[in-house]
Amino acid sequence: MLRVYNTLTEKKEEFVPLEKDKVKIYACGMTVYDKPHIGHARKEVAIDVIVRYFKYLGYETVYVRNFTDIDDKIIDRANERDIDFRELTHENIEAFYKTTTALGLMEPDIEPKATEHISEIIEMIEKLIKNGYAYETGGSVYFSIKSFNQYGKLSHRKIDDMIAGTRFEVETEKKNPLDFVLWKASKPGEPQWESPWGMGRPGWHIECSAMSIKYLGDTFDIHAGGRDLIFPHHENEIAQAEGATGKPFVKYWVHNGFLTVEGEKMSKSLGNFITVDDALEDYHPEVLRYFMLSTHYRSPIDFSIVNLKETEKKLYYFYTTLKNLSVFASRSSGNAVRNEKAKAFIDEFREAMDDDFNSAKVVAAFYGVFKYLNDIIVSKKTRPAPEECAGFEEVIKEAGKVLGVLQRDSSEIIEEIKEIQLKRNGIEISFIEEMIEKRKEYRMKKDFAKADEMRDKLLELGISIQDTPDGTEWNFS
RNA sequence: GGCGCCUUGGCCAAGUGGUAAGGCAGAGGUCUGCAAAAUCUCCAUCUCCGGUUCGAAUCCGGAAGGCGCCUCCA
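Note that numbering that gives the first Met the number 0 numbers the first sequence so that position 476 is 475, with each residue one more than the last.
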């Protein structure tokens, strides 16, 4: 039984889809005023795994992820660079796609853009005015939060408390300081569209309500996003959607925790702003992905060098084991056999994922199985039959597919990781090969003192070597 | 000022009232020319103080520390 934590009820609930065997998911995508950063990556990986697990369970999924390609920040950035806002958003959308490809994220079924849904937005605003939830003033339209008596139900706040804590300047045309803009009258030179209230553009929250309802219906199963979106963005989305349709908007609200960098919040002012591109310079995409999954999606995660290196080591270990395993599995006559241990692993995997997508627990389960495999494979006595080895390969791939890891060819990915490590450490591979060659010569001459010297030199650079039946191998330790 | 979250061994991290998963690091063993890799063994009573309970890391109250949101933010 799958259980999902719902921000609305603040509890883990049994997942029951609105429509049998079907899950409709909307995840708030980027506001494309800048390049995607690693916080975006975390959110994308989290929702990606959630969607993958639904598919794994046999649900038909409809996954919608939007681009908000018009808002104040976009206009400001475009003005700073003196380019058209469309040029800016196009650029950042391309950058976003680059990272989703690198991180192996599934493509959503639908990717609507705000600027392509202006008429739906206007329609929704008209409904809100008609239903008495919104008012027009000076060419702009605002949502009146006082008129929506459930306002605050998602973020569990009281309106009066929020007003007391208001720190920003109250815009005079608003009836209530917490009222938010649905349609913004445009200033000269700004992007603008025609509307019943004059030229203007949509407010920041309305696009998600309009687009999610258009593609998923008035009520759908899951709406996801970062924690920070709970208020005001998602709170406002509920007010808009339910105000317009009169129906419940979303059944389960899912929010991922924040990512910190070396213990601090990531921000431009702290100078610790890391784009996905930056991160991919130093770490393999699958390492980044696996790192994101080693902590439960709702918990905060700290992006630190120590943590990343540990993850890198883990993946390296997994793929090395997989490589050894495949040697035996390839002798299989054909049919893979899942023995007790293999079945137990899959059970563990499902149980963990059923518990609010607890990928951190899956990580532990992976450890268990890899450790077990390393143990039994080395000995001829305990080594499972080739068919059983193939069975292990199968279950690892099966679980790995949901997390989006361990699908690649072991040898290839090991080489890729090594390349990144060499680059990161500024070491030439030719130097390593030279040292290994020299050591080999000394060893042939039984000059172990000299041979050890070669090894020590490599060790100083963080490189350890292993003598295997197939020759000497090296890796970063 | 308001609302919410977090605090588990040197570090990272699961823990859903029933007697602390896993990993890294560390110590010791096997293997090895020596190593490394792999593997085995060892290594915590859960920030503090009260309370509920036969029994609490898990529930309640309080304290301390950290964080987030309330303004754009995944």
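Ideal Cβ positions, reconstructed from N, Cα and C, are used throughout, including at glycine. Because the structure is a prediction, the values reported are computed rather than measured.
To which residues of the same chain is Glu132 closer than 7 Å at the C-beta, ignoring the five residues directly before and after it? First, the amino acid is wrong: residue 132 is Tyr here, not Glu. So the qualifying residues of the chain are Phe142, Ser143, Ser146, Phe147 and Gly242.
Touching or not, the segment 409 to 422 and the segment 368 to 375, by the rule of three or more beta carbon pairs under 8 Å? no
Please confirm whether Thr294 and Ala359 have their CB atoms less than 8 Å apart. yes
Taking the runs of the beta strand (DSSP E) that are 3 residues or longer, which of them lie wholly in the segment 180 to 258? 199 to 201, 219 to 225 and 249 to 255
I need the straight-line Cα distance from Met210 to Arg226, nearest angstrom please. 21 Å
State the Cα-Cα distance for the pair Lys456 and Val286, rounded to the nearest angstrom. 27 Å
Give the DSSP-derived three-state secondary structure of Val15 in the structure shown. Val15 falls in the coil class under three-state DSSP.
Buried versus exposed, by CB contacts within 10 Å (16 or more), Tyr150: buried
Per-residue DSSP class, three states only, for Thr471: strand
Uninterrupted alpha helix (DSSP H) stretches inside the segment 276 to 343 (no shorter than 4 residues): 284 to 292 and 304 to 328
Boundaries of the alpha helix (DSSP H) in which Ser139 is found, first to last residue: Ser139 -> not in any alpha helix (DSSP H); beta strand (DSSP E) instead, spanning Ser139 to Phe142.
Please determine, among Asp353, Ser378 and Lys380, the residue with the shortest C-alpha to C-alpha distance to Lys11. Asp353
If you compare alpha carbons, which of Arg297, Phe290 and Leu314 is closest to Asn306? Checked all of Arg297, Phe290 and Leu314; the closest Cα to Asn306 is Phe290.
Contacting residues, own chain, Cβ-Cβ under 7 Å from Pro107 (five flanking each side not counted): Counting only Cβ-Cβ distances below 7 Å, and skipping sequence neighbours, we find Tyr62, Val63 and Arg64.
If you drop the 5 nearest sequence neighbours on each side, which residues of the same chain put their C-beta closer than 7 Å to that of Ala328? Close CB contacts of Ala328 within its chain, under the 7 Å cut and outside five residues either way in sequence, are with Pro385, Cys388, Ala389 and Glu392 (chain order).
Quick one: Cα of Glu234 to Cα of His155, how far? 10 Å
Lys23 versus Asn5: straight-line alpha-carbon distance, rounded: Linking Lys23 to Asn5 through their CA atoms gives a straight-line distance of about 15 Å.
Which value, in whole angstroms, describes the spacing of the CA atoms of Asp469 and Ala94? 42 Å
So, at 6 Å on beta carbons, what are the nonlocal neighbours of Arg80 in its own chain, with the 5 sequence-adjacent residues on each side left out? none
Under the three-state reduction of DSSP, which class applies to Gln420: helix, strand or coil? helix
DSSP three-state assignment for His36, whether helix, strand or coil: strand
Using a 10 Å radius around the Cβ and a threshold of 16 neighbouring Cβ atoms, would you call Leu1 buried or exposed? buried
Compare the beta carbon distance of Glu397 and Ile345 with 8 Å and say whether it is the shorter of the two. In contact: Glu397 and Ile345 (Cβ atoms closer than 8 Å).
Quick check: what's the CA-CA separation for Gly216 versus Glu236? C-alpha separation (whole angstroms): 14 Å.
Just grab the DSSP bridge partners of Gln465 for me. Gln465 has Glu472 as its beta-bridge partners, per DSSP.
With a Cβ-Cβ cutoff of 8 Å, do Val44 and Ile73 count as a contact? no
Exposed unless 16 or more other CB atoms sit within 10 angstroms - verdict on Ile428: exposed
Should Gln239 go down as buried or exposed, given a rule of 16 or more other Cβ atoms within 10 Å for buried? buried
With distances taken from CA atoms, which of Gly199, Tyr251 and Gln420 is nearest Tyr503? Past the edges of the chain, shown from 0 to 476, lies residue 503, and the structure says nothing about it.
Mind checking who Ile24 pairs with in its DSSP beta bridge? In the DSSP output, where bridge partners are listed per residue, Ile24 has Tyr62 and Ile221.
On the three-state DSSP scale, how would you describe Asp108? coil
Mark Ala184 as exposed unless 16 or more other C-beta atoms lie within 10 angstroms of its C-beta, in which case mark it buried. Buried is the call here.
Evaluate Leu187 with the Cβ neighbour count: other Cβ atoms within 10 Å of its Cβ, from every protein chain shown; 16 or more gives buried, anything less gives exposed. For clarity, residue 187 is Pro in the given sequence; the question names Leu instead. The residue is exposed, with fewer than 16 neighbouring Cβ atoms inside 10 Å.
Lys449 to Glu436, Cα distance in whole Å? The alpha-carbon separation between Lys449 and Glu436 amounts to approximately 12 Å.
Given a threshold of 16 other Cβ atoms within 10 Å of its Cβ, counted over all protein chains shown, does Leu269 qualify as buried or as exposed? exposed
Nearest CA to the CA of Met123: which residue from Ile462, Ile464 and Gly245? Minimum Cα distance to Met123 is reached at Gly245.
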